[in-house]
Each structure stands twice: as structure tokens, then as C-alpha cells.
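Colleague:
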Amino acid sequence: MDLTELIGFTAAFLTTVAFLPQTLLVLRTRDVSGVSLGMYSLFCAGIALWLVYGLLKGAWPLIVANLITLGLSSSILVMRIRFAKQAA
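Here the working numbering is used: position 46 in the sequence shown is 76, and no number is missing along the way.
1) Am I right that G84 and N96 are in contact with their C-beta atoms under 8 angstroms? What's the rounded C-beta distance?
2) Going by CA-CA distance only, name the one from L67, D32, L33, E35 that's closest to R112.
3) Within the continuous alpha helix (DSSP H) that includes M31, where are the two ends?
4) Would you decide whether L44 is buried or exposed? Buried here means 16 or more other CB atoms lie within 10 Å of its CB.
5) If you reduce the DSSP assignment to three classes, tell me which class F39 lands in.
6) Would you check if the distance between the CB atom of T99 and the CB atom of T40 is smaller than 9 angstroms?
7) Which runs of the alpha helix (DSSP H) fall wholly inside the region 46-113 and span at least 4 residues, in chain order?
8) Pick from R58, G76, I37: whose alpha carbon is nearest that of G101?
9) Among the candidates S105, L81, S104, whose CA atom is the shortest distance from the CA of V94?
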């Protein structure tokens, strides 16, 4: 692994784990009142496109980071929809 890939994986790791606190908070409290449906919908679409781009380019830092980020952000989006319906 060269320095460029190390920087890519480090950046991917940091931006991906940034979603863990929100995911864990929503799982624990089931409070989605502060979670924007529009923001997470657009974000998930963007991450899905980054994933496709990474796959087409064979860029492993993009692929790994965006797979994990898409999983975390999609789980927040699903909980936002599900828990908001339960609260209504």
C-alpha cells in the first residue's frame, strides 16, 4: 500500500465512522425528530453513485468506504421512515 492509498483509506475510515454516533443514538432512543428525511435521501443516493464510481474505477478506498457508509446512512434513513410512522 502506497502513501496515496493510505491517505484514501484513512479519509474513508474517518468519514465513515462519523455516522456511527447518529446510528447508535437513533437505535437506542428511537428518536428521529432531528433527522432530515430529505438530507439522508439525497446523501444515500450520492453515496450509491460514489460506490458505482469506485467500482467502475476499481478504487478500493472508495468501494469499501462507500459500502459501509451506505449501510450506515441507509439504516438511519430506514429508521427515520419507520420510527416517524410509529410516532404518528
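Ideal Cβ placement from N, Cα and C applies to all residues, glycine included. Remember, it's a predicted structure, so these values are computed and weren't measured experimentally.
Modeller: Walking through what the data contain:
1) 6 angstroms
2) L67
3) From DSSP, M31 is part of no alpha helix (DSSP H); its letter is neither H nor E.
4) exposed
5) helix
6) no
7) 50-59, 67-87
8) G76
9) L81
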